[in-house]
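Under this note's numbering, think of the first position of the sequence shown as 682, with each following residue one higher.
Idealized CB from N, CA, C, for every residue including glycine.
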Amino acid sequence: MIEKHNLSQMMVCKEHGDYIAQQVYAIFGEPRYARCPVCLDEQKQKDEERERFHLLRKREEASNIPKRFTKKYIDSYEILSEKHEKLVRISRSYVDNFHKFKIIGSNLIFSGSVGTGKTHLMCSIGNELMRKGYDVFF
């Protein structure tokens, strides 16, 4: 006689309510069922975020960006003149289109007097590129 096995079962998640759980394996004849799919998705997202955070920290450590510039971003650059505004636009465009600039080998070079924000902007570009998954070295 062939026994029919129920491969799914209605289950209740404390967080998300009812769901249909699929049997995933049996131990010593005891069926086991998959966890709530919403909980599984949430856990997967948390794991992926943790991995992205870990990779970003490794990139930041390897970047050699000075500590005082590690939390600088283009949006935090103080615009005091039209020249500054233009530099911010160029920097933002460079970050947003970096995949294209990388292919053709295009770079940015900032020059100017001491205290004009060159290092802030260059480190900001580096920080934003690292958040997009690129490796940066200062």
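- Taking the Cα positions, Leu721 is about 34 angstroms away from Val776.
- In this structure, the alpha-carbon of Lys752 lies about 24 angstroms from that of Phe782.
- A direct Cα-Cα distance of roughly 23 angstroms separates Asn745 from Ile771.
- Rounded to whole angstroms, the separation of the alpha carbons of Gly814 and Gln726 is 17 angstroms.
- Excluding its 5 nearest sequence neighbours in each direction, Arg773 has C-beta neighbours in its own chain below 6 angstroms: Ile755, listed in chain order.
- It is roughly 29 angstroms from the alpha-carbon of Gln690 to the alpha-carbon of Glu729.
- One Cα belongs to Lys748, the other to Phe734, and the distance between them is close to 18 angstroms.
- With fewer than 16 other Cβ atoms inside 10 Å of its own Cβ, Leu761 counts as exposed.
- Where Val693 is concerned, the enclosing beta strand (DSSP E) starts and stops at Ser689 to Cys694.
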